[in-house]
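Peer 1: Below are the structure tokens for one structure; questions will follow.
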């Protein structure tokens, strides 16, 4: 079995059958190319790769001080590759199945409380067109739990405000409908009716919701800088980004009793385990329980 043919067919499989984005496909192929380079170094054919060889490869990779998270992601990519070879080339085994992934400490995401979100929004200068746009951006980020990539590519034609839904294109070009609250709807309508008409829209950006002052689609970096500037204004020391609003959206829903499956659908997570990270219990609540019920408190 030739590496070049296997990689070419694997790429086609990821694109056509898995419907992955170009970024994700490149990540998978990069994982495979790392193994290919190691096989070349060890003069080992692809067909000869077994579990012991994969373990040796991971030890070799570890010597380059690659994080446990990156190693786990690399192993996951190779697991997908060999599963593909089993399907398409009748390979008898998947040598990655018996190899344990590195243990990962699951990091609890940074979450803003409602007072902090209100303070950030209150710090926006609403006397300018950009200020009204920025307020709408934060209301939509928090009101819908969008990824920043979904926010900047949001289309006017995908806003169904009369039925309180927006349609976004998420990872792997997968579309989903997300409910949008009255507060976000209110400011979206103000922005679309009173602010956006004053922006000189550039050709090709007519259907983009959020535009910069030159009439082009906002960049992810610009949204990041807007939020960083607001955090600095109010003296917020938490490390925040546009994704922090997504974390806050999900965490507040779960803490309020929302069904985890519903939150999963709104966030566009493929696996429920990704959404389960938001089931962490608020530390202040735990402290209040101890204070109220423990006999020594």
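Numbering (UniProt numbering), first residue to last: 1 to 297. Glycine included, each C-beta is placed from N, C-alpha and C at the ideal position.
1. Nearest to residue 78 by alpha carbon, out of 33, 47, 63 and 111?
2. I'd like the span of the alpha helix (DSSP H) that includes residue 10, first residue to last.
3. So for residue 179, helix, strand or coil by DSSP?
4. Would residue 117 and residue 251 be called neighbours here (beta carbons separated by less than 9 Å)?
5. Once the 5 residues before and after residue 9 are set aside, which same chain residues still bring their CB inside 7 Å of it?
6. Applying the criterion that 16 or more other CB atoms from any shown protein chain within 10 Å of the CB defines a buried residue, is residue 284 buried or exposed?
7. In three-state DSSP terms, what is residue 192?
8. To the nearest whole angstrom, what separates the beta carbons of residue 268 and residue 174, a pair I think is in contact under 8 Å?
9. Are residue 266 and residue 190 close, meaning C-beta to C-beta below 9 Å?
10. Would you kindly work out how many angstroms separate the C-alpha atoms of residue 208 and residue 201, rounded to a whole number?
11. For the segment 52-63 against the segment 10-24, do three or more pairs of beta-carbon atoms, one drawn from each stretch, fall closer than 8 Å, so that the two count as touching?
12. If you run the structure through DSSP and keep just helix, strand and coil, what is residue 202?
13. With which residues is residue 165 paired in a DSSP beta bridge?
14. Check for me: the alpha helix (DSSP H) holding residue 147 runs from which residue to which?
15. Under three-state DSSP, which class holds residue 209?
16. Could you please give the first and the last residue of the uninterrupted alpha helix (DSSP H) stretch that includes residue 118?
17. Quick one: Cα of residue 37 to Cα of residue 30, how far?
18. Please state if the CB of residue 261 and the CB of residue 149 are separated by a distance shorter than 9 Å.
19. Do residue 120 and residue 236 have their CB atoms nearer than 9 Å?
20. Going by DSSP, name the residue or residues bridged to residue 155.
21. Touching or not, the segment 133-153 and the segment 179-186, by the rule of three or more beta carbon pairs under 8 Å?
Peer 2: This is what the structure gives:
1. 33
2. 3-16
3. strand
4. no
5. 88
6. Low confidence applies to residue 284: its pLDDT is 47, below 50, so where it sits in the model is not reliable enough to give any reading.
7. helix
8. 7 Å
9. no
10. 9 Å
11. no
12. coil
13. 160 and 179
14. It is not in any alpha helix (DSSP H) - residue 147 carries neither H nor E in the DSSP assignment.
15. coil
16. 114-122
17. 11 Å
18. no
19. yes
20. 208
21. yes
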